[in-house]
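Going by our numbering, the sequence shown opens with residue 226, and the numbers climb by one from there. See structure below.
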Amino acid sequence: MKKTIVLSLSLLFGLSAFAQNNCKIADELPIKLMSAEIKRGFKTFQKQNPPLYYLSYQYYTNDLSDIKVSEGSVAREYYGRSLASVTVFPRVGSPALDNTRRLTVMSSVSDRLTKEDMPAAEGDGKAFSTALWRATDAAVKKAQEDLDGVKAEKLTAPARFDDSPDFAYPPVERFCRTAEFATFDYDKIKAMLVKASTLTKGKKFILASNFSFEREVGYRYFVDSRGTQLKTPHQEVRLSYVVSGKTENGQEVSRFNDYNVLLPEELPSEEKLLADTRKSIEELEQLINAPEGDPFEAPTLLKGRAMAVFVHEILGHRMEGHRQKMEDFGRTFTDKIGQQVVSPILTIIDDATLSYFNGEVMRGFYEYDDEGVKSRPVTLVEKGVLKNFLMSSSPIKNFPASNGHGRGNHYFRPVARMAVTRALAEQTVTYDELEKKFLQEIKRQNKPYGFMIEDLSGGFTMTATYNPQAFKLEPTLMYRVYPDGRKEVVRGLDMVGTPQVSFNKVLAAADDYQVFNGSCGAESGWVPVSAIAPSVLLESMEMEKKQKSTEKPPLLPPPYSLHKGVSK
């Protein structure tokens, strides 16, 4: 039987399409039920000690489908699994001091929200309202306990660096949008994944491979005690694969690819998927046979996708507003508004309103954030000078209001997070010219070689005061490049440094903007993000040894490696 899924056609159009209401918010049953429950309970909760002063509900409907293929066989598949849940976010006390404040590193305050699986909001809505009532009661009681903990900590905590209020009321918004839906052919997609997966057969160096198609589509409904009422579609669709292996000395290596789409015609063709998979398999074999690199500092060329990850990891987290008033935060840029913080070549903007870039879907796009605030572009850095922070509804000194970047994953309370982060170069050259500059810089510094990083898989950046303000990122494909232009794949190295030094070493940028789509984890959970950047030349970057496993590869090759895969 042919199986289908549905996705919005409206994302084909420009931002003006997203700005238009195409339904009546007052007619939406979930909105009616949640608004009625807030109205029914708020007056009572306001009289409690401590009192409730603000309450919001987010109700999500999700239609989930998933195909997993491994070694040419379907490992898992399900279609149209429907889920619905609500998160309850109460604030008790007052905007000046409420249950969300964290005063110490070991604070008793929980970031977790009360989340309840919900029945459908159909018929008379009694089951829905009962579940909402139950979740609200639990959430308010937990918030009151948290506020007691905050007050207890406040008795012994030192004066705060930034004594801004804990909350700024968001503006009241009304918005309603439904989506028209396109059809995907699951049988065709599954056959394509199986065919691509069989390419791993007969390859003894491939220890694991996974090919998948994941889809989530539904609606988000938001109401709060101030009168905001929102309905927006949400949807994520991704075709992806990863192939991995291990070197004789225990180094794990992998190659991967993903394709974020919203419409059937945006999926890769079978020919492209097979070609990309073959390329990844070849690169994996090169990595397994590649020499292990040595710790070294040298000129480094970051390809566009790698630079996008670099900007997200190293700069982005330090621009999240709520962190600036956290007592254990390193505050690398907190007091540097109006000062140059990165190379003047760079301008950096976070723009959640951007749904597509050069034909690619932006996973970080959204219309309203998880606090009901409308998304907007925010210029963080202009020609190297710090201008702004990403703000949720948690104010900081000189930034009293949200700019639409309060985000969470429905399990944890929203905080300031990145969305679609764009690094723009003020002056650019062609990529070929950038490579020439790279070789010239290697020669100028009299280095035996430089590094070219094709891909970064992320890593971590330390922002707490009890750690060095440093980062460690993991190249998944990198080259040693010699002064004569010769390139050699190398493995076993991580990129390390500090943000203020590294971002001021950008010497030049190309005009070849590339996209990174992924998920970012922080205290408000995993959220979808995007980053866009050009290839850049760094004057130098330090590489150090990568951690590796203490286990050798398996004694026997995997069973599927004994059979040949497709040849075309």
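The beta-carbon is built from N, C-alpha and C at its ideal position, and this holds for glycine as well.
Exercise. For residue 551, which of 421, 325, 757, 755 has the nearest alpha-carbon?
Worked result: 325
Exercise. Hey, how far is the Cα of residue 667 from the Cα of residue 515?
Worked result: 22 Å
For this session: Drop a sphere of 10 angstroms on the beta-carbon of residue 650, count the other beta-carbons inside from all chains shown, and report buried for 16 or more, exposed for fewer.
Result: buried
Exercise. Any contact of the stretch 408 to 417 with the stretch 247 to 254, i.e. 3+ C-beta pairs under 8 Å?
Worked result: no
For this session: Taking residue 823 as the reference, give the member of 303, 663, 629, 316 with the closest Cα.
Result: Any answer about residue 823 is impossible in this case: the structure gives the chain only from 226 up to 793.
For this session: Name the residue from 491, 300, 346 whose alpha carbon lies nearest to the alpha carbon of residue 422.
Result: 300
Problem set entry | Alpha-carbon spacing of residue 532 relative to residue 722, whole angstroms | 14 Å
For this session: Consult DSSP for residue 679 and reduce its assignment to one of helix, strand or coil.
Result: strand
For this session: Compute the beta-carbon to beta-carbon distance between residue 648 and residue 757, rounded to the nearest angstrom, for a pair I have assumed lies under 8 Å.
Result: 7 Å
Problem set entry | beta strand (DSSP E) runs contained entirely in the stretch 517 to 547, provided each spans 3 or more residues | 521 to 527
Problem set entry | Three-state secondary structure assigned by DSSP to residue 673 | coil
For this session: Go through its chain and collect everything with a Cβ distance to residue 574's Cβ below 6 Å, but skip five positions before and after it.
Result: 602, 604, 647
Exercise. Going straight from the alpha carbon of residue 596 to that of residue 282, what length do you get?
Worked result: 9 Å
Exercise. If you draw a straight line from the C-alpha of residue 683 to the C-alpha of residue 394, how long is it?
Worked result: 35 Å
Problem set entry | Three-state class that DSSP yields for residue 611 in the structure shown | strand
Exercise. Looking only at C-alpha atoms, which of 366, 776, 261 sits nearest to residue 453?
Worked result: 261
For this session: Between the Cα of residue 784 and those of 467, 536, 434, spot the shortest distance and give me the residue it belongs to.
Result: 434
Exercise. Can you name the start and end residues of the beta strand (DSSP E) that residue 757 belongs to?
Worked result: 750 to 758
Problem set entry | Option in 513, 656, 527 with minimal Cα separation from residue 428 | 513
Exercise. For the alpha helix (DSSP H) that contains residue 361, what are its first and last residues?
Worked result: 351 to 381
For this session: Along the alpha helix (DSSP H) that carries residue 724, what are the first and last residues, could you check?
Result: 724 to 728
For this session: In angstroms with no decimal places, state the Cα-to-Cα distance between residue 779 and residue 479.
Result: 16 Å
For this session: Leaving aside the five residues before and after residue 463 along the sequence, list all residues of the same chain whose C-beta is less than 6 Å from its C-beta, in chain order.
Result: 439, 483, 485
For this session: Determine the direct distance from the alpha carbon of residue 412 to that of residue 465, and round the result to whole angstroms.
Result: 17 Å
Exercise. Taking just the CA atoms, how far does residue 766 sit from residue 266?
Worked result: 57 Å
Exercise. Among 475, 555, 424, which has the Cα closest to the Cα of residue 506?
Worked result: 424
For this session: Tell me, please, whether the stretch 554 to 572 touches the stretch 735 to 748 by the rule of three or more beta-carbon pairs shorter than 8 Å.
Result: no
Problem set entry | C-beta contact flag for residue 317 and residue 339 at 7 Å | no
Exercise. CA-CA distance, residue 504 and residue 556?
Worked result: 42 Å
Exercise. Starting from residue 454 and walking both ways along the beta strand (DSSP E), at which residues does that stretch end?
Worked result: 454 to 471
Exercise. What span of residues does the beta strand (DSSP E) with residue 419 cover, start to end?
Worked result: Element bounds for residue 419: not the beta strand (DSSP E) but the alpha helix (DSSP H), 411 to 422.
Exercise. Which residues in the same chain as residue 627 place their Cβ atom closer than 7 Å to its Cβ, once the five residues preceding and following it in sequence are excluded?
Worked result: 393, 395, 596, 598, 616, 617, 618
Problem set entry | CB contact flag (residue 371, residue 334, <7 Å) | yes
Problem set entry | Coil, strand or helix - residue 229 by DSSP | Reliability of the predicted coordinates at residue 229 is poor, the pLDDT of 30 falling under 50, and the value obtained from them is presented with this limitation in mind. Residue state, collapsed to three classes: strand.
For this session: With DSSP as the reference, label residue 798 as helix, strand or coil.
Result: Outside the shown range of the chain, which is 226 to 793, sits residue 798, and nothing can be said about it.
Exercise. Taking three-plus beta-carbon pairs below 8 Å as touching, is the stretch 371 to 385 in contact with the stretch 572 to 592?
Worked result: no
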